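S.K.:
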Amino acid sequence: MATASSEASFERVVLPHLDAAYNLARWLMRDSEAAEDVLQEAMVRALTYFGSFKGVNPRAWLLQIVRNQAYSSLALNRGVETVPLAEESDEPAAAELVSCEDSPEVALLRSRESRRVRALVAALPVELRETLVLREFEECSYKEIAEATQTPIGTVMSRLWRARQLLAQAAAAEGLP
Amino acid sequence: MSDPKTPPMPACEKVLLVQAELDGELDAAQAAALEIHRASCPICQVAQAELLRARALLRAEPYEPTPDDVRARVMARLRQVEPQIAPAAPHRQWRWAWWGGPSLGFGLGAACAAALAFLILLPEHSDLTDAIVADHIRALQPGHLEDVVSTDQHTVKPWFDGRIDFAPPVRDFATEGFPLKGGRLDYLDNRPVAALVYQRDKHIIDLYVWPQTSAGPHLASDTAIQGYNVIHWTEGGMNFWAVSDVERNQLQDFATLWKKAP
Chain G
660 MATASSEASF
670 ERVVLPHLDA
680 AYNLARWLMR
690 DSEAAEDVLQ
700 EAMVRALTYF
710 GSFKGVNPRA
720 WLLQIVRNQA
730 YSSLALNRGV
740 ETVPLAEESD
750 EPAAAELVSC
760 EDSPEVALLR
770 SRESRRVRAL
780 VAALPVELRE
790 TLVLREFEEC
800 SYKEIAEATQ
810 TPIGTVMSRL
820 WRARQLLAQA
830 AAAEGLP
Chain V
177 MSDPKTPPMP
187 ACEKVLLVQA
197 ELDGELDAAQ
207 AAALEIHRAS
217 CPICQVAQAE
227 LLRARALLRA
237 EPYEPTPDDV
247 RARVMARLRQ
257 VEPQIAPAAP
267 HRQWRWAWWG
277 GPSLGFGLGA
287 ACAAALAFLI
297 LLPEHSDLTD
307 AIVADHIRAL
317 QPGHLEDVVS
327 TDQHTVKPWF
337 DGRIDFAPPV
347 RDFATEGFPL
357 KGGRLDYLDN
367 RPVAALVYQR
377 DKHIIDLYVW
387 PQTSAGPHLA
397 SDTAIQGYNV
407 IHWTEGGMNF
417 WAVSDVERNQ
427 LQDFATLWKK
437 AP
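Have a look at this one:
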């Protein structure tokens with residue numbers, strides 16, 4: 660019966676953060692199929708090790724698992740890594756990040772500007788990208804980001820700074836408002 | 177250490193505090209001390225303007241929830257590892273952040289407005305779909321499936337008399353492979369509804385029935401949520417919602433039998 664209660668807890672404690680997990684996986688992998696593979700493996704790991712989770716922040720814990728999974732997947736595929744994003748805003752990987760789950764109606768409405776902003780975020784170096792995505796899209800605190808990325812808070816702060824600077828400069832160069 | 181492509185840190189190290197303030201990480205005393213510094217530091221003033229600009233770019237982005245099919249596949253995988261895991265409670269969030277809410281639609285052109293109207297209807301529709309799937313999952317818990325257990329439609333149909341303010345059609349399709357198992361009362365769409373329970377091999381099909389209201393046409397639909405297929409149609413002034421984890425084409429067969437029934 661101990662297992663039954665721990666599963667109930669997994670559903671209550673960890674599953675609410677599935678969106679955050681998938682979002683981080685997508686931004687790290689920049690490919691929705693690879694992101695789903697990472698998500699699947701990470702969720703199975705989380706379920707397997709949930710019994711030993713003693714922390715207070717299940718979201719940061721899950722995001723850390725997702726990140727580790729994504730990094731090992733990226734390392735495994737390093738030889739055949741996808742071509743880094745080009746400067747153009749219409750290249751396919753960036754377009755996929757925008758449209759991988761949209762109905763045509765939503766895609767129609769989604770502005771070109773949003774597409775370009777997403778391409779700029781996708782083009783950031785991975786350690787800046789993950790920090791920025793966790794802060795801006797998942798609204799994680801510095802402490803949560805530090806835990807999820809296993810990085811000191813001071814480094815989180817300087818990465819966040821660099822990510823925002825790069826993004827603002829790139830946006831200005833593209834003539835975005 | 178730092179990537180040569182990344183910008184150098186500015187000459188004033190307090191810019192990281194400016195950033196921390198914007199990120200809500202400073203307490204009142206720290207923020208007040210920073211305010212005094214910033215008033216006389218042009219570097220920090222420029223930094224704040226740049227940070228606000230970067231934030232404005234990203235804050236307009238919509239939050240994208242996990243697509244239902246991805247979620248369903250994750251849940252299926254988790255159940256392989258731990259069969260007791262129940263399907264996740266239907267979970268749908270729709271954030272309006274990116275276009276500032278439905279009211280923005282008024283300024284758009286006709287084509288956009290039409291698409292927008294469709295989108296605004298969608299969450300309502302899926303709220304009901306979600307509620308139906310949630311009810312179906314709840315009913316699958318032991319002891320909740322049927323209030324009246326009978327494979328005889330002539331027993332099930334009168335059972336609803338006096339318990340509900342309409343007479344739901346009740347049919348048995350045992351010969352076609354969808355035997356009737358019973359019925360129960362449920363509450364959906366702010367009203368009591370009839371739920372007819374059918375079995376297909378090892379799967380349960382719930383068919384929810386209630387009278388159509390005059391509140392506009394109800395579109396037929398065929399969707400999947402959390403791995404459950406949901407088919408909706410209207411016939412003879414009644415709403416029908418069939419939900420089950422059987423294969424989609426089998427549920428479609430079931431719906432076709434109903435629609436062709438005399």
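Quick note, the sequences are listed as chains G and V, same order.
Numbering of the first sequence is given in our numbering, commencing with residue 660 and proceeding in unit increments.
Numbering of the second sequence is given in our numbering, commencing with residue 177 and proceeding in unit increments.
Glycine included, every Cβ here is placed at the ideal spot set by N, Cα and C.
Quick caveat, the model's predicted, so the values are computed rather than measured.
With DSSP collapsed to three states, give me the class of V222 (chain V).
M.R.: The residue given as residue 222 (chain V) occupies position 46 in the second sequence. The answer is helix: DSSP assigns V222 (chain V) an H, G or I state.
S.K.: With 9 Å as the threshold, decide whether the Cβ of L721 (chain G) is near any Cβ in chain A.
M.R.: Here the protein chains are G and V, and chain A is not one of them.
S.K.: Can a CB atom of chain V be found closer than 9 Å to the CB of F712 (chain G)?
M.R.: By 1-based counting over the first sequence, the position of residue 712 (chain G) is 53. No, F712 (chain G) lies away from the interface with chain V (no Cβ there is under 9 Å from its Cβ).
S.K.: Have a look at A400 (chain V) and K435 (chain V) and give me their C-alpha separation to the nearest angstrom.
M.R.: Stepping through the second sequence from its first residue, residue 400 (chain V) is reached at position 224. Stepping through the second sequence from its first residue, residue 435 (chain V) is reached at position 259. Each residue's alpha carbon lies about 20 Å from the other.
S.K.: Please classify W275 (chain V): does DSSP put it in a helix, a strand, or coil?
M.R.: Taking the second sequence and counting its residues from 1, one reaches residue 275 (chain V) at position 99. Residue placement at W275 (chain V) is flagged as unreliable, the pLDDT there being 33, under the threshold of 50; the coordinate-derived value follows with that caveat. Three-state result, W275 (chain V): coil.
S.K.: Taking a cut of 8 Å between CB atoms, which residues from the stretch 201 to 227 of chain V lie near chain G?
M.R.: Listed by position along the chain: E201, E226, L227.
S.K.: Which partner residues does P368 (chain V) have in the DSSP bridge list?
M.R.: Within the second sequence, numbered from 1, the residue matching residue 368 (chain V) stands at position 192. Answer by DSSP bridge pairing, in chain order: V:Y363.
S.K.: Rounded C-beta distance between A187 (chain V) and I219 (chain V)? I'm assuming under 8 Å.
M.R.: In the second sequence, residue 187 (chain V) corresponds to position 11, counting from 1. In the second sequence, residue 219 (chain V) corresponds to position 43, counting from 1. A187 (chain V) to I219 (chain V), Cβ: 6 Å. Contact.
S.K.: Using the Cα positions of E795 (chain G) and L433 (chain V), report the straight-line distance between them to the nearest angstrom.
M.R.: Position 136 of the first sequence, counted from the first residue, corresponds to residue 795 (chain G). Position 257 of the second sequence, counted from the first residue, corresponds to residue 433 (chain V). In a straight line, the C-alpha of E795 (chain G) is about 51 Å away from that of L433 (chain V).
S.K.: Rounded to a whole number of angstroms, what is the C-alpha to C-alpha distance between R449 (chain V) and P344 (chain V)?
M.R.: Nothing about residue 449 (chain V) can be reported from this structure: the residues present for chain V run from 177 to 438 only.
S.K.: With distances taken Cα to Cα, identify the nearest neighbour of L321 (chain V) among V:D337, V:A310, V:T327, V:D382.
M.R.: The sequence position of residue 321 (chain V) within the second sequence is 145, counting from 1. Closest option to L321 (chain V), Cα to Cα, is V:D382.
S.K.: Taking the Cβ atom as the reference point for each residue, do L733 (chain G) and M688 (chain G) lie within a distance shorter than 9 Å?
M.R.: Your numbering for residue 733 (chain G) matches position 74 in the first sequence. Your numbering for residue 688 (chain G) matches position 29 in the first sequence. Contact flag set, yes.
S.K.: Just mark H676 (chain G) as buried or exposed, buried being the case when its beta carbon has 16 or more other beta carbons within 10 Å.
M.R.: On the first sequence, residue 676 (chain G) is found 17 positions in, with the first residue counted as 1. Counting Cβ neighbours within 10 Å, H676 (chain G) comes out buried, since at least 16 surround it.
S.K.: What's the C-alpha gap between Q828 (chain G) and E798 (chain G)?
M.R.: Your numbering for residue 828 (chain G) matches position 169 in the first sequence. Your numbering for residue 798 (chain G) matches position 139 in the first sequence. Looking at the two C-alpha atoms, the distance is approximately 22 Å.
S.K.: Give, in chain order, every residue of the stretch 667 to 682 of chain G whose Cβ lies closer than 9 Å to some Cβ of chain V.
M.R.: Taking 9 Å as the Cβ-Cβ cut-off against chain V, the residues of the stretch 667 to 682 of chain G that qualify are A667, F669, E670, L674, P675, L677, D678, A680, Y681, N682.
S.K.: DSSP three-state call for Y708 (chain G): helix, strand or coil?
M.R.: Numbered from 1 along the first sequence, position 49 holds the residue referred to as residue 708 (chain G). Helix at Y708 (chain G).
S.K.: Within 10 angstroms of its Cβ, does V325 (chain V) collect 16 or more other Cβ (buried), or is it exposed?
M.R.: Residue mapping note: residue 325 (chain V) aligns to position 149 of the second sequence, counting from 1. Burial call: exposed.
S.K.: If you check the beta carbons only, do L361 (chain V) and A370 (chain V) fall under 9 Å apart?
M.R.: On the second sequence, residue 361 (chain V) is found 185 positions in, with the first residue counted as 1. On the second sequence, residue 370 (chain V) is found 194 positions in, with the first residue counted as 1. Contact: yes.
S.K.: Can you give me the Cβ contacts of V194 (chain V) inside the same chain, cut-off strictly under 8 Å, excluding the 5 residues immediately before and after it?
M.R.: Here residue 194 (chain V) corresponds to residue number 18 of the second sequence, with the count starting at 1. The answer, listed in chain order, is L210, R214, C220, A223, Q224, L227.
S.K.: Please determine whether the Cβ atom of I380 (chain V) lies at a distance below 8 Å from any heavy atom of the ligand NAD.
M.R.: Among the components modelled here there is no ligand, and therefore nothing to report on the ligand NAD.
S.K.: How about W386 (chain V) and N405 (chain V): are their beta carbons less than 9 Å apart?
M.R.: Position 210 of the second sequence, counting from 1, holds the residue named residue 386 (chain V). Position 229 of the second sequence, counting from 1, holds the residue named residue 405 (chain V). In this structure, N405 (chain V) does not lie closer than 9 Å to W386 (chain V) by Cβ.
S.K.: Suppose the cutoff is 8 Å on Cβ atoms and the five residues either side in sequence are ignored; what does the same chain contact list for D337 (chain V) look like?
M.R.: Position 161 of the second sequence, counting from 1, holds the residue named residue 337 (chain V). Here the set comprises A343.
S.K.: Between Q699 (chain G) and chain V, is any beta-carbon pair separated by less than 9 Å?
M.R.: In the first sequence, counting from the first residue as 1, residue 699 (chain G) sits at position 40. Yes, its Cβ sits closer than 9 Å to a Cβ of chain V.
S.K.: For a test of the three-state rule: what should DSSP assign to R689 (chain G), helix, strand or coil?
M.R.: Position 30 of the first sequence holds residue 689 (chain G). In this structure, R689 (chain G) counts as coil in the three-state DSSP scheme.
S.K.: For V703 (chain G), go through chain V and note every residue whose CB falls closer than 8 Å to its CB, in chain order.
M.R.: Along the first sequence, read from residue 1 onward, the residue named residue 703 (chain G) stands at position 44. R253, L254, V257, listed in chain order.
S.K.: In terms of alpha-carbon separation, which member of G:L674, G:M816, G:D690 lies closest to A701 (chain G)?
M.R.: Residue 701 (chain G) sits at position 42 when you count from the first residue of the first sequence. Minimum Cα distance to A701 (chain G) is reached at G:L674.
S.K.: What is the DSSP secondary structure of D245 (chain V), counted as helix, strand or coil?
M.R.: What you label residue 245 (chain V) is simply residue 69 of the second sequence in a count that begins at 1. Helix.
S.K.: Using CA atoms only, rank isn't needed, just tell me which of V:D421, V:R424, V:P438, V:L427 is closest to E411 (chain V).
M.R.: For the purposes of this step, residue 411 (chain V) is taken as residue 235 along the second sequence, with counting starting at 1. With distances taken between Cα atoms, E411 (chain V) lies closest to V:P438.
S.K.: Whose Cβ in chain G lies nearer than 7 Å to the Cβ of Y384 (chain V)?
M.R.: Stepping through the second sequence from its first residue, residue 384 (chain V) is reached at position 208. What Y384 (chain V) touches in chain G: nothing, since even the nearest Cβ is about 25 Å away.
S.K.: When you compare the CB of P197 (chain V) with every CB in chain G, is at least one pair closer than 9 Å?
M.R.: The sequence position of residue 197 (chain V) within the second sequence is 21, counting from 1. One detail in the question is off: residue 197 (chain V) reads as Glu in this sequence, not Pro. It does not; no Cβ of chain G falls within 9 Å.
S.K.: How would you call S420 (chain V), buried or exposed, if buried means at least 16 neighbouring beta carbons within 10 angstroms?
M.R.: Looking up residue 420 (chain V) in the second sequence gives position 244. With 16 or more Cβ atoms within 10 Å of its Cβ, S420 (chain V) is classed as buried.
S.K.: Does DSSP put A252 (chain V) in a helix, a strand or coil?
M.R.: Counting from one through the second sequence, the residue named residue 252 (chain V) turns up at place 76. If DSSP states are grouped into helix, strand and coil, A252 (chain V) belongs with the helices.
S.K.: May I ask which residues mark the beginning and end of the beta strand (DSSP E) holding H676 (chain G)?
M.R.: Residue 676 (chain G) sits at position 17 when you count from the first residue of the first sequence. Premise fails: H676 (chain G) is in no beta strand (DSSP E) and is neither H nor E.
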